[in-house]
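Participant:
Number of protein chains: 2
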Amino acid sequence: MSFRERLAEAVAQRGRLCVGIDPHASLLEAWGLTDDAAGLRVFSRRVVEELGTEAAVFKPQVSFYERFGSAGYAVLEETIAALRSAGALVLADAKRGDIGTTMAAYADAWFAEGSPLEADALTVSPYLGFESLRPALDLARERGKGVYILGLTSNPEGASLQHIGGEASVAKAVIDAAAAESRTGGHVGLVIGATTASAAADLGIDLSAVEGSFLTPGLGAQGATPEDLKRSFGNDYAKVLATSSRDVLKHGVREGGMLERFREVSAQL
Amino acid sequence: MSFRERLAEAVAQRGRLCVGIDPHASLLEAWGLTDDAAGLRVFSRRVVEELGTEAAVFKPQVSFYERFGSAGYAVLEETIAALRSAGALVLADAKRGDIGTTMAAYADAWFAEGSPLEADALTVSPYLGFESLRPALDLARERGKGVYILGLTSNPEGASLQHIGGEASVAKAVIDAAAAESRTGGHVGLVIGATTASAAADLGIDLSAVEGSFLTPGLGAQGATPEDLKRSFGNDYAKVLATSSRDVLKHGVREGGMLERFREVSAQL
Chain A
2 MSFRERLAEA VAQRGRLCVG IDPHASLLEA WGLTDDAAGL RVFSRRVVEE
52 LGTEAAVFKP QVSFYERFGS AGYAVLEETI AALRSAGALV LADAKRGDIG
102 TTMAAYADAW FAEGSPLEAD ALTVSPYLGF ESLRPALDLA RERGKGVYIL
152 GLTSNPEGAS LQHIGGEASV AKAVIDAAAA ESRTGGHVGL VIGATTASAA
202 ADLGIDLSAV EGSFLTPGLG AQGATPEDLK RSFGNDYAKV LATSSRDVLK
252 HGVREGGMLE RFREVSAQL
Chain B
2 MSFRERLAEA VAQRGRLCVG IDPHASLLEA WGLTDDAAGL RVFSRRVVEE
52 LGTEAAVFKP QVSFYERFGS AGYAVLEETI AALRSAGALV LADAKRGDIG
102 TTMAAYADAW FAEGSPLEAD ALTVSPYLGF ESLRPALDLA RERGKGVYIL
152 GLTSNPEGAS LQHIGGEASV AKAVIDAAAA ESRTGGHVGL VIGATTASAA
202 ADLGIDLSAV EGSFLTPGLG AQGATPEDLK RSFGNDYAKV LATSSRDVLK
252 HGVREGGMLE RFREVSAQL
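Protein sequences appear in the order of chains A and B. To convert a position in the first sequence, counted from 1, into the numbering used here, add 1. To convert a position in the second sequence, counted from 1, into the numbering used here, add 1.
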């Protein structure tokens, strides 16, 4: 079963709200937890317990686990496994990008059968050229995994690089390449800022040519509303995997708070 | 002491050959080791024992440790600590790149005092915009660490993205930003392919404006010779941190083989 099919099934059952797991130091503190791997473990387990059977997709932000080295990675392994056992898909937000055997090693780390970090999808970065990602694209296809490529992001610094080239911009090159890849099967998605679909149109980018899905961080804490997403993506809204991290996680300070907020936001999507 | 000063001292004492540690599956096999964290540990320890007090800088390729999840990361932690105890600098080749608190978390992971993965320098990727790297640039400066930014790479797929924009190319934008940053103190280096310095000139890029150093993978196994490096970088050759991985590591099949090859290549630089 391809990742595209698995995602469609999960979204049909659980909705399109992807929960970002971003356990940064200030969140651990707000939850009354210690800023170490033990605190991270409690935090992650509570997210799994409260939302694991509710959300279609979870997006753990790998940096917040890497902060604690191998101990943090052990928590990440547990978290990924627990979420998948709860029937959710796990999209590891790691933004990996390298070449040749090194890229193949990243693909193995996140996609190989039985790898301790085996997830369902991975974010990747195309600075070394779209085709440098080939080992991940190929293994993803073989194993029914998804690859989300950084395309056009909504952070204020993104345009300084992604808009270079004008009518033949970096973002357009990456998104066109992803669209072509998506049409040959496999699942190539794109990371597209929740508020940047209109910028895409300005750059002459045809998002409708992408058969994969759009991971759109920025809902809630970063300022975008569900209405922004619908307006911004128009006919392509059905492909949107809306992501919220802090706006859900901050309600974890009381039991049941995350679930309540998750359902509230999810109902608006 | 800034990373620039630490690097200059290390290179003055031990030479400019940086040893890449790329324990991919075929190398583990060639060394008669198992393709698991235990094999990785033996491999890494042998590199430390044979070369730890010889080379100025080691560049572990993080993907090959990530393949084994938290167990691989535990080996990476040991390896980094052992190399630093042996007086070498450790440049973690992780090509991290994200925004805001996420980028800050990566900076903490690799640069914070006492972090289990604390290294001396890190490779980063600028797809999200040069300024998205700010948390790493700032923490590096504060802690005497180095940041090596992907600039103009020699892999065949690199030009498809890095050359976009022609006279105002992506690579030029990144390298110009790095040059400006390097002139304000701190250590910003660039990843520049061993054979791409002439492409830099074609793109109107002034490498001499960068006060940091150039990490140049591609020596040996990827086809570049020490003469190529000297010719290619010309007057900027003094800033080159030449990197060889497989060409040194493949001699690890016999005791003393890596040291012999390291000295042989090092003498030509």
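In this text, a Cβ means the ideal position worked out from N, Cα and C, and glycines have one as well. Being a predicted model, the structure only gives us computed values, none of them experimental.
Listed in chain order, which residues of the region 130-154 of chain B have Cβ atoms closer than 7 Å to some Cβ of chain A?
Facilitator: Gly130, Phe131, Glu132, Ser133, Leu151 and Thr154
Participant: So what does DSSP say about Tyr66 of chain A, is it helix, strand or coil?
Facilitator: helix
Participant: Is there a Cβ from chain B that is less than 8 Å from the Cβ of Phe65 of chain A?
Facilitator: yes
Participant: Within the continuous alpha helix (DSSP H) that includes Ala141 of chain B, where are the two ends?
Facilitator: Arg135 to Arg144
Participant: Name, please, each residue of chain B whose Cβ falls closer than 9 Å to the Cβ of Val171 of chain A.
Facilitator: Tyr128, Leu162, Ile165, Gly166 and Val171
Participant: Use the C-beta contact count for Gln14 of chain B: other C-beta atoms within 10 angstroms, 16 or more gives buried, fewer gives exposed.
Facilitator: With fewer than 16 other Cβ atoms within 10 Å, it is exposed.
Participant: So the candidates are A:Pro117, A:Ser199 and A:Thr102; which of them puts its Cα closest to the Cα of Arg135 of chain A?
Facilitator: A:Thr102
Participant: With 9 Å as the limit, tell me which residues of the region 40-61 of chain A have their beta carbon closer than that to any beta carbon of chain B; keep them in chain order.
Facilitator: none
Participant: Is there a Cβ from chain A that is less than 8 Å from the Cβ of Asp203 of chain B?
Facilitator: For Asp203 of chain B, the answer is no, since every Cβ of chain A falls outside 8 Å of its Cβ.
Participant: Could you tell me whether the region 253-263 of chain A touches the region 14-34 of chain B, using the rule of 3 or more Cβ pairs below 8 Å?
Facilitator: no
Participant: Going by DSSP, name the residue or residues bridged to Lys60 of chain B.
Facilitator: B:Gly21
Participant: Which chain A residues sit within Cβ distance under 8 Å of Asn156 of chain B?
Facilitator: Ile100, Gly101, Leu129, Gly130 and Ser133
Participant: Using the C-alpha atoms, what's the distance from Gly219 of chain A back to Tyr238 of chain A?
Facilitator: 15 Å
Participant: Can the beta-carbon of Thr226 of chain A be found less than 8 Å from the beta-carbon of Thr244 of chain A?
Facilitator: no
Participant: By the 9 Å beta-carbon criterion, what residues does the region 182-196 of chain A contribute toward chain B?
Facilitator: none
Participant: For Gly219 of chain B, would you say it is in contact with chain A, using Cβ-to-Cβ distances shorter than 8 Å as the test?
Facilitator: no
Participant: How many Å lie between Ala141 of chain B and Trp111 of chain B at the Cα?
Facilitator: 10 Å
Participant: Under 7 Å between beta-carbons, which chain A residues line up against Lys96 of chain B? List them in chain order, please.
Facilitator: Gly98 and Asp99
Participant: Looking only at C-alpha atoms, which of A:His188, A:Phe131, A:Ala89 and A:Ile81 sits nearest to Glu119 of chain A?
Facilitator: A:Ile81
Participant: Can you tell me whether Gly187 of chain A is buried or exposed, with buried defined as 16 or more other CB within 10 angstroms of its CB?
Facilitator: buried
Participant: Taking C-beta pairs closer than 7 Å, name the residues in chain B that Glu78 of chain A reaches, listed in chain order.
Facilitator: Contact annotation for Glu78 of chain A against chain B: Gly70 and Ser71 [CB-CB distance below 7 Å, chain order].
Participant: Which residue wins for smallest C-alpha separation from Glu6 of chain B, given the options B:Ile206, B:Ile100 and B:Arg144?
Facilitator: B:Arg144
Participant: Can you list the residues of chain A that Leu118 of chain B reaches, using a CB-CB cut of under 8 Å?
Facilitator: Those within 8 Å of Leu118 of chain B in chain A are Glu67 and Gly70.
Participant: What did DSSP end up calling Thr54 of chain B once you bin it into helix, strand or coil?
Facilitator: Of the three classes helix, strand and coil, the one that applies to Thr54 of chain B here is coil, per DSSP.
Participant: Am I right that Leu58 of chain A and Ala11 of chain A are in contact with their C-beta atoms under 8 Å? What's the rounded C-beta distance?
Facilitator: What sits at residue 58 of chain A in the sequence shown is Val, not Leu. Taking the Cβ atoms as the reference, Val58 of chain A lies roughly 7 Å from Ala11 of chain A, within the contact range of under 8 Å.
Participant: Identify the contact partners of Asp177 of chain A in chain B, using a Cβ-Cβ distance below 8 Å as the criterion.
Facilitator: Simply none; closest approach about 11 Å.
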